[in-house]
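Report on the following structure.
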Amino acid sequence: MPELPEVEVTRRGLSASLPGSFVKGADVRERRLRQPVPADLAATLEGQRLVRIDRRGKYLLMRFDHGTLLVHLGMSGGLRVLPPHTPARKHDHVDIRFEHAVLRYSDPRRFGLMLWIDGWQDMHPLLDSLGIEPFGAEFTGAWLHRATRGRRCAIKQFLMDGHVLVGVGNIYASESLFRAGIRPGTAARRLAGTRCDRLVDAVRETLTDALAAGGSTLRDFLSADGEPGYFQQHYFVYGRDGQPCRICGTPIRTLRQGQRSSFYCPSCQK
DNA sequence: CCACGCTCCTGCGCGC
DNA sequence: TGCGCGCAGGAGCGTG
């Protein structure tokens with residue numbers, strides 16, 4: 398499932414070939430995503446040049462001459478650059494046709510999103526309330542310590558709250574907490590300053606490693622050129638219930654938090 | 001403001 | 001071999 402590293406890998410992949418190209422047309426085969434794909438998307442995009450691609454959290458912001466195509470990959474979404482006239486398969490919902498390539502959006506579970514915003518000012522409710530970026534200067538131990546004061550929720554759920562911090566989903570939340578030596582069920586407000594420092598470092602390291610490995614994958618994710626990422630081979634705890642901790646050998650345990658599975662080592666994490 | 005649970009959707013793995 | 005079931009999950013939204 399695309400988390401921040403996968404989205405960033407996609408952004409870089411697309412940015413290598415598409416900017417500067419003009420849209421010849423678009424084909425929307427399935428409009429029913431999280432919100433409906435605009436009915437007039439093809440008419441809107443036709444003739445516009447793709448200038449560049451930005452990212453905010455897990456949203457991709459494709460900057461065209463007159464506005465921004467906002468794309469979220471949801472759970473199972475992917476964007477790929479393909480040769481013109483490549484036949485569409487099941488779940489290939491949207492094509493944006495450029496002169497020398499087609500940008501294809503596929504999303505079996507249709508949790509993704511594709512919306513048009515006029516201009517480049519990112520005036521959209523979905524973007525207004527997003528939290529801070531994990532690679533931004535604001536994200537420090539001091540910030541985390543302050544932000545968690547009074548919060549009774551578990552630190553794992555706090556990390557995954559996109560209105561606080563963007564880009565950390567279920568997989569990397571578990572992985573980051575393992576690296577920081579903090580149990581996922583710990584109440585956010587009980588973290589002392591030094592543990593906040595350590596957690597901030599762990600989040601950055603986890604995301605950096607995932608990015609360097611090309612993003613992770615469960616089953617669905619392919620980067621922009623169609624190559625799967627390989628970070629999943631490096632998971633310390635995610636999906637490893639009952640298997641020995643890679644550090645100390647203690648069996649990894651699982652925990653249900655807010656309808657999500659968390660994984661942790663009862664020995665390495667306190 | 002905060003915490004929590006529900007919802008969207010499809011593919012896969014499991015048990016029988 | 002096939003069927004039905006439960007699970008996976010980002011994030012908005014409604015409720016208390």
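Residue numbers (my numbering): 398 to 667.
Where a beta carbon is used, it is the ideal one built from N, C-alpha and C, also for glycine.
8 Å CB neighbourhood of G547 in its chain, flanking five on each side removed: Counting from 1 along the first sequence, the entry for residue 547 is found at position 150. Closer than 8 Å at the Cβ level, and outside the excluded window around G547, lie R586.
For A413, the residue or residues it bridges with in DSSP: Within the first sequence, residue 413 is the residue found at index 16, counting from 1. A413 pairs with nothing; no bridge assigned.
Helix, strand or coil at G538 according to DSSP, with G and I counted as helix: By 1-based counting over the first sequence, the position of residue 538 is 141. The answer is helix: DSSP assigns G538 an H, G or I state.
R446 - partner residues in DSSP beta bridges: Taking the first sequence and counting its residues from 1, the one referred to as residue 446 is at position 49. R446 is bridged to F419.
Any alpha helix (DSSP H) of 4 or more consecutive residues that is wholly inside the segment 420–497: 438–442
Contained beta strand (DSSP E) runs [length at least 3] in the segment 503–560, N- to C-terminal order: 510–515
Limits of the beta strand (DSSP E) - the one that S658 falls within: Residue 658 sits at position 261 when you count from the first residue of the first sequence. From DSSP, the beta strand (DSSP E) with S658 extends over 657–661.
Status (buried if at least 16 other CB within 10 Å, exposed otherwise) for P480: Counting from 1 along the first sequence, the entry for residue 480 is found at position 83. Under this definition P480 is an exposed residue.
Short Cβ contact (8 Å threshold) for H490 with Y502: Stepping through the first sequence from its first residue, residue 490 is reached at position 93. Stepping through the first sequence from its first residue, residue 502 is reached at position 105. Yes.
Run of the alpha helix (DSSP H) containing L588, from where it starts to where it stops: As a working note, residue 588 is residue 191 in the first sequence. Taken as a continuous stretch (DSSP letters only), L588 belongs to no alpha helix (DSSP H), as it is neither H nor E.
Opposing strand residues paired with P402 [DSSP bridges]: If you number the first sequence from 1, residue 402 lands on position 5. DSSP, once it has assigned bridges, lists no residue as partnering P402.
Start-to-end residues for the beta strand (DSSP E) that takes in R650: Within the first sequence, the letter at position 253 stands for residue 650. Counting along the chain, the beta strand (DSSP E) containing R650 begins and ends at 650–654.
Cβ-based neighbour list, D462, same chain, cut-off 6 Å, excluding 5 preceding and 5 following: For this step, residue 462 is matched to residue 65 along the first sequence. Q445, R446, listed in sequence order.
For K487 and G417, the rounded distance between their alpha carbons: Residue 417 sits at position 20 when you count from the first residue of the first sequence. Residue 487 sits at position 90 when you count from the first residue of the first sequence. Cα to Cα, the separation comes out at about 29 Å.
C-alpha gap between T483 and L411, whole angstroms: Counted from its first residue, the first sequence places residue 483 at position 86. Counted from its first residue, the first sequence places residue 411 at position 14. Answer to the nearest angstrom: the Cα atoms are 17 Å apart.
Cβ contact (3+ pairs, closer than 8 Å) linking the segment 644–660 and the segment 547–561: yes
Close Cβ partners of L524 (< 8 Å) along its chain, the five nearest in sequence each way excluded: Numbered from its first residue, the first sequence carries residue 524 at position 127. So the list reads R453, Y456, L467, once near-sequence residues are dropped.
Exposure label - A570; buried when at least 16 CB within 10 Å: Counted from its first residue, the first sequence places residue 570 at position 173. A570 should be labelled buried.
Nearest-angstrom Cα separation, counted from T583 out to E496: By one-based count along the first sequence, residue 496 stands at place 99. By one-based count along the first sequence, residue 583 stands at place 186. So the two alpha carbons sit approximately 53 Å from each other.
C-alpha distance - E572 paired with G611, whole-angstrom precision: As a position in the first sequence, residue 572 is number 175, starting the count at 1. As a position in the first sequence, residue 611 is number 214, starting the count at 1. Distance between the alpha carbons of E572 and G611 is about 16 Å.
Cβ neighbours of S473 in the same chain (closer than 6 Å, five flanking residues each side left out): Locating residue 473 in the first sequence gives position 76, counting from the first residue. D504, P505, R506, D617.
For R580, three-class secondary structure by DSSP: In the first sequence, the residue the question calls residue 580 occupies position 183. Looking at R580 - three-state DSSP - the assignment turns out to be coil, as it is neither helix nor strand.
Alpha carbon of T647 to alpha carbon of E443, nearest angstrom: For the purposes of this step, residue 647 is taken as the residue at position 250 of the first sequence. For the purposes of this step, residue 443 is taken as the residue at position 46 of the first sequence. Roughly 57 Å separates the two Cα atoms.
Rounded straight-line distance, which links the Cα of R429 to that of E602: Locating residue 602 in the first sequence gives position 205, counting from the first residue. Locating residue 429 in the first sequence gives position 32, counting from the first residue. One C-alpha to the other measures close to 36 Å.
Cutoff 8 Å; reference S414; Cβ partners in own chain excluding five residues on either side: Taking the first sequence and counting its residues from 1, the one referred to as residue 414 is at position 17. Answer for S414: V478, A498, listed in chain order.
Pairwise C-alpha distance: T441 and G471: Translated into positions along the first sequence, residue 471 becomes position 74. Translated into positions along the first sequence, residue 441 becomes position 44. Each residue's alpha carbon lies about 23 Å from the other.
Residues near G538 in its chain [Cβ-Cβ closer than 7 Å; skip 5 each side]: On the first sequence, position 141 is the one that residue 538 refers to. The answer, listed in chain order, is G590, C593, D594, V597.
C-beta atoms of R494 and G422 nearer than 8 Å: For this step, residue 494 is matched to residue 97 along the first sequence. For this step, residue 422 is matched to residue 25 along the first sequence. Cβ atoms of R494 and G422: closer than 8 Å.
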